[in-house]
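**Student:**
Protein chains in written order, with the working numbering: chain R, 1 to 156; chain E, 1001 to 1762.
1) For residue 1691(E) and residue 141(R), I'd like the C-alpha separation in whole angstroms.
2) Just verifying my parser: in three-state terms, what is the DSSP assignment at residue 109(R)?
3) CB residue 1472(E) to CB residue 1209(E), shorter than 8 Å?
4) With which residues is residue 1467(E) paired in a DSSP beta bridge?
5) Which residues bound the alpha helix (DSSP H) around residue 121(R)?
6) What does residue 1657(E) reach in chain R if we use C-beta pairs closer than 7 Å?
7) Would you mind telling me which residues of chain R sit closer than 7 Å to residue 1023(E), beta carbon to beta carbon, in chain order?
8) If you drop the 5 nearest sequence neighbours on each side, which residues of the same chain put their C-beta closer than 7 Å to that of residue 1092(E)?
9) Where in the stretch 1692-1758 of chain E do unbroken runs of the beta strand (DSSP E), each at least 3 residues long, occur, reported from the N-terminal end onward?
10) Residues of chain E with CB under 7 Å from residue 154(R), in chain order?
11) Mind pulling the chain R residues with CB within less than 7 Å of residue 1654(E)?
12) Leaving out five residues on either side along the sequence, give the residues of the same chain with a beta carbon under 6 Å from the beta carbon of residue 1105(E).
13) Using a Cβ-Cβ distance under 8 Å, would residue 1026(E) count as near chain R?
14) Can you give me the C-alpha to C-alpha distance between residue 102(R) and residue 1695(E), rounded to a whole angstrom?
15) Check whether the Cβ atoms of residue 1318(E) and residue 1303(E) sit closer than 8 Å, and answer yes or no.
16) Can you find a C-beta in chain E that's less than 8 Å from the C-beta of residue 54(R)?
17) Select from the stretch 65-76 of chain R all residues with a C-beta closer than 9 Å to any C-beta belonging to chain E, and list them in chain order.
18) Where do the ends of the beta strand (DSSP E) carrying residue 1589(E) lie?
19) With respect to 7 Å, is the separation between the Cβ of residue 113(R) and the closest non-hydrogen atom of the ligand ATP below this value?
20) May I have the straight-line CA-CA distance separating residue 1490(E) from residue 1003(E), to the nearest angstrom?
21) Mind reading off the beta-carbon distance from residue 42(R) to residue 1683(E)? Whole number of angstroms is fine, and I expect it under 8 Å.
22) DSSP three-state label for residue 1288(E), please.
23) Assuming residue 1278(E) contacts residue 1312(E) under a Cβ cut-off of 8 Å, what Cβ separation, rounded to an integer in Å, is found between them?
24) Using a Cβ cut-off of 9 Å, which residues of the stretch 1692-1717 of chain E contact any Cβ in chain R, in chain order?
25) Can you pull the chain E neighbours of residue 109(R), defined as C-beta to C-beta under 9 Å?
26) Tell me the rounded alpha-carbon separation between residue 46(R) and residue 1689(E).
27) For the stretch 1178-1201 of chain E, enumerate the residues whose C-beta is nearer than 8 Å to any C-beta of chain R, in chain order.
28) Listing by chain order, which chain E residues have their CB less than 7 Å from the CB of residue 105(R)?
29) How close, in whole Å, do the beta carbons of residue 1205(E) and residue 1263(E) come, if the pair is a contact with beta carbons under 8 Å?
30) Between the stretch 1671-1682 of chain E and chain R, which residues of the former have CB atoms less than 7 Å from a CB of the latter, in chain order?
31) Note the first and the last residue of the continuous beta strand (DSSP E) segment covering residue 1618(E).
32) Based on DSSP bridge pairs, tell me the residues matched to residue 1303(E).
33) Mind pulling the chain E residues with CB within less than 9 Å of residue 86(R)?
34) Quick one: using the 10 Å Cβ neighbour count with 16 as the cut-off for buried, is residue 1709(E) buried or exposed?
35) Given a cut-off of 8 Å on the beta-carbon distance, is the pair residue 1098(E) and residue 1157(E) in contact?
36) Per DSSP, which residues does residue 20(R) bridge with? Please list them.
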């Protein structure tokens, strides 16, 4: 496989990598950088578990190929908040009970982060639209919507 | 429960923040040095003889470290919770399209994938067994040598044929239910490796590490004590990880290569290869008296078992037990068949046979209410099982029975009280019609009679004066770990922040049985409480010696033991921990075991029946039907649920909301289509589960307190009942809206549209 040299910024750090051209951004994040907060649920852009912010736009990182990553700025769940210093969205997910098995949660948090950074007071319909690329099987989504509403208030 | 500090209080999940920050490691996140990647070669045909397997070319590929076939399985080449009939690696026959023929461990996933294409397998296709009804015929091709009937369970009480003749109202219909995929977000996967002690470690998503340990020991021919299974956290399971999946393959490859071996199934492979909810054909004849009394249920249940047994037998038996719903009826004939086919494999799935029968019986109750002119709740109340009644299969109910309470609670809900007003849709949009539907159900907590059913917990004191509880059940989203922490914190008078929980580890947590059958909180919780009570005795006797006071003069305070009426004279748990280390060089450890009480009788030839403890729920759905397209939107839902008590309001609601929406998927959209043995919709763009846009605007949780004395702090389990009756509540609501009955789920837009069209023609 042909290789490609890429320079990119991820969670405010600069990276230089040489990877096969068919490597996905998801593989770069999980396998090359060892950041496992971004999950693979389908590998086909259908479930949203691998959602990251890519040049300020949410993408399913399983559908982004290495050459596209060159020069890009990426934000993953690890760049949003930490155990010691969680983001208000993460706190709201915890407090509202929007986390169950948790496998979809990082993707939802990233989508909510993107939504709230563009629209600080989303309506319920806008929340549903903004998170519609993420699937969850445990929660029934109700508490996720509540968490995003709560985060939107907290972030004022 | 008002004087409690933790139990009954809204408690955020103890593992929520590590999950929300992406810092917790799932089994599929683990990476080890020198790790190899596994891929599995699966059958090309749904039913065929294997004539030859040649893996020499694959073995020669650079980067391939091992290729295994049936010849490499050192022990029993079969697994299965009840009957070990599913080969680890197929020898002379394949029975479904996901059957495992060979597996490769290589330096990279790409090499492993390429190696699969170099394995030559010669097949001779065999005639397919597709239709479970035809599979029952004597001249049908056979999936297994012993024939296609895996299990036949028949229960007869009273005189059903006479009662059918005498009934004032006879409702007779055949129902069909879909093949539901669990759709957990984390596919089957994990890592197996040989530890420094020479033991085999299998870190893979599962629902019962100790049983995996035994099944793996059999297949791999090693002492179970030399196998450690770890399975927490898990990205969803819903019954789909109760049976083994990839564990024997990675275990075998790790033994063969002496290196860590990892596998993560692709979504397609996951959907094609492993367990689903069994599709059912349900033929019902149900008789009522004019006054609404249920007099007879005669039902034939045909379960499409798929290719291997797994839990298909127990699923059938639970379906038989729950076939009449939670109602009193003296004339009963339930004839159930679990039938092998080449339609994939099916096994445990949330509800375990109850969602199928609930759809049938709750539709029938709705029809009867309409025909008899009786309010649907009144009809259900009239026939509802109460304490002291005999169940349809003939066991006496002596535990907490919540049918009437959940019906009374749902009757008072805003959704039910305002249903006539809610039916009025937007007058400008005449093509949209609205309706409200109800369904009642119940679900056994625990495994039933004749099966080992127990809880186990190990509790140890920590150096900081806190405690660690180890329970073998797995938290794959339900929140049981948080419940255990609440139980221990409450019993030990210790802040919940100082309670650690170890789940799903065959080495560090006690065998507490499978995480299934809505039994996690009940069994593991009760065992945790017992272990904590024993711990209190240890602490009490130590404190008595240290403080030179008799035990009777001491009592527990917050994180301490104190002299009664002298609150300033105390010893903290931390100081006690120091004393234990100083005097005994170890911290105290206790164990709690709890045998689940069972019914007094056993139903002959029906393993596991009857159940003894039940959770109850009444479900409401408020829907809008688009009469131009057949699309159904669930606007709101409500559930009144009797789970004994509420341990954690947040977790309780989470189960209800998640269960309702999973039930909504089952009722409206989900069916894994298998034609000619081939799965037609093996991904999330063709197998559609509810998204956030489909979710109702509100799902009201109405907890019904109905303490079950045998449970931990009087709790039962609600994980399954909350999804069971959602589908019939929705189809009954569709009828309320547009006047058509659905006898097949999922009620897709096409099906609803066609039903409306047929009605218009009639």
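Heads up, the beta-carbon is just placed ideally off N, CA and C, and yes, glycines get one too.
**Tutor:** According to the structure shown:
1) The residue labelled residue 1691(E) in the question sits at position 691 within the second chain. The residue labelled residue 141(R) in the question sits at position 141 within the first chain. If I take the Cα positions, the gap works out to 8 Å.
2) Along the first chain, read from residue 1 onward, the residue named residue 109(R) stands at position 109. Note: residue 109(R) maps to helix in three-state DSSP.
3) Taking the second chain and counting its residues from 1, one reaches residue 1472(E) at position 472. Taking the second chain and counting its residues from 1, one reaches residue 1209(E) at position 209. In this structure, residue 1209(E) lies closer than 8 Å to residue 1472(E) by Cβ.
4) Translated into positions along the second chain, residue 1467(E) becomes position 467. Looking at the DSSP assignment, residue 1467(E) forms a beta bridge with 1461(E) and 1499(E).
5) What you label residue 121(R) is simply residue 121 of the first chain in a count that begins at 1. It is not in any alpha helix (DSSP H) - residue 121(R) carries neither H nor E in the DSSP assignment.
6) Numbered from its first residue, the second chain carries residue 1657(E) at position 657. Within 7 Å Cβ-Cβ: 139, 140, 142 and 143.
7) Along the second chain, read from residue 1 onward, the residue named residue 1023(E) stands at position 23. In chain order: 37 and 83.
8) Start at 1 with the first residue of the second chain, and residue 1092(E) comes out as number 92. Answer for residue 1092(E): 1049 and 1050, listed in chain order.
9) The stretch 1692-1758 of chain E contains these whole beta strand (DSSP E) runs: 1698-1704.
10) On the first chain, residue 154(R) is found 154 positions in, with the first residue counted as 1. Simply none; closest approach about 14 Å.
11) Within the second chain, the letter at position 654 stands for residue 1654(E). Those within 7 Å of residue 1654(E) in chain R are 97, 100, 139 and 143.
12) If you number the second chain from 1, residue 1105(E) lands on position 105. Taken in chain order, the residues that qualify are 1036, 1038, 1065, 1066, 1253, 1257 and 1261.
13) Taking the first residue of the second chain as 1, we reach residue 1026(E) at position 26. Yes - at least one Cβ of chain R is within 8 Å of the one on residue 1026(E).
14) The count along the first chain starts at 1 and reaches residue 102(R) at position 102. The count along the second chain starts at 1 and reaches residue 1695(E) at position 695. Each residue's alpha carbon lies about 18 Å from the other.
15) Position 318 of the second chain, counted from the start, is the residue given in the question as residue 1318(E). Position 303 of the second chain, counted from the start, is the residue given in the question as residue 1303(E). The answer is no: Cβ separation not under 8 Å.
16) Position 54 of the first chain, counted from the first residue, corresponds to residue 54(R). Using a Cβ-Cβ cut-off of 8 Å, residue 54(R) does not count as an interface residue toward chain E, since no Cβ of chain E sits closer than that to its own.
17) 76
18) Numbered from its first residue, the second chain carries residue 1589(E) at position 589. Taken as a continuous stretch (DSSP letters only), the beta strand (DSSP E) holding residue 1589(E) covers 1589-1595.
19) With respect to the ligand ATP, the structure offers nothing, as it holds no ligand at all.
20) Counted from its first residue, the second chain places residue 1490(E) at position 490. Counted from its first residue, the second chain places residue 1003(E) at position 3. About 10 Å.
21) Taking the first residue of the first chain as position 1, residue 42(R) is located at position 42. Taking the first residue of the second chain as position 1, residue 1683(E) is located at position 683. Right, the Cβ-Cβ distance comes to about 7 Å (below 8 Å), so this counts as a contact.
22) What you label residue 1288(E) is simply residue 288 of the second chain in a count that begins at 1. If DSSP states are grouped into helix, strand and coil, residue 1288(E) belongs with the strands.
23) Translated into positions along the second chain, residue 1278(E) becomes position 278. Translated into positions along the second chain, residue 1312(E) becomes position 312. With a Cβ gap of about 6 Å, residue 1278(E) and residue 1312(E) count as contacting.
24) Cβ contacts with chain R come from 1692, 1693, 1694, 1695, 1696, 1697, 1698 and 1699.
25) Position 109 of the first chain, counted from the start, is the residue given in the question as residue 109(R). Residues of chain E passing the Cβ test: 1020, 1021 and 1022.
26) The sequence position of residue 46(R) within the first chain is 46, counting from 1. The sequence position of residue 1689(E) within the second chain is 689, counting from 1. Each residue's alpha carbon lies about 11 Å from the other.
27) 1182, 1183, 1184, 1185, 1186 and 1187
28) For the purposes of this step, residue 105(R) is identified with residue 105 of the first chain, where counting begins at 1. Chain order gives the chain E residues near residue 105(R) as 1019 and 1020, where near means a beta carbon separation below 7 Å.
29) For the purposes of this step, residue 1205(E) is taken as the residue at position 205 of the second chain. For the purposes of this step, residue 1263(E) is taken as the residue at position 263 of the second chain. No, residue 1205(E) and residue 1263(E) are not in contact; Cβ-Cβ is about 11 Å, not under 8 Å.
30) none
31) In the second chain, the residue the question calls residue 1618(E) occupies position 618. First-last of the beta strand (DSSP E) with residue 1618(E): 1613-1626.
32) Here residue 1303(E) refers to the residue found at position 303 of the second chain. Residue 1303(E) is bridged to 1280(E) and 1338(E).
33) Along the first chain, read from residue 1 onward, the residue named residue 86(R) stands at position 86. Going along chain E in sequence order, the residues near residue 86(R) (Cβ under 9 Å) are 1017, 1020 and 1021.
34) Along the second chain, one-based indexing puts residue 1709(E) at 709. Per the 10 Å Cβ criterion, exposed.
35) By 1-based counting over the second chain, the position of residue 1098(E) is 98. By 1-based counting over the second chain, the position of residue 1157(E) is 157. Not in contact: residue 1098(E) and residue 1157(E) (Cβ atoms no closer than 8 Å).
36) Here residue 20(R) refers to the residue found at position 20 when the first chain is read from its first residue. DSSP output for residue 20(R) lists 3(R) as bridge partner(s).
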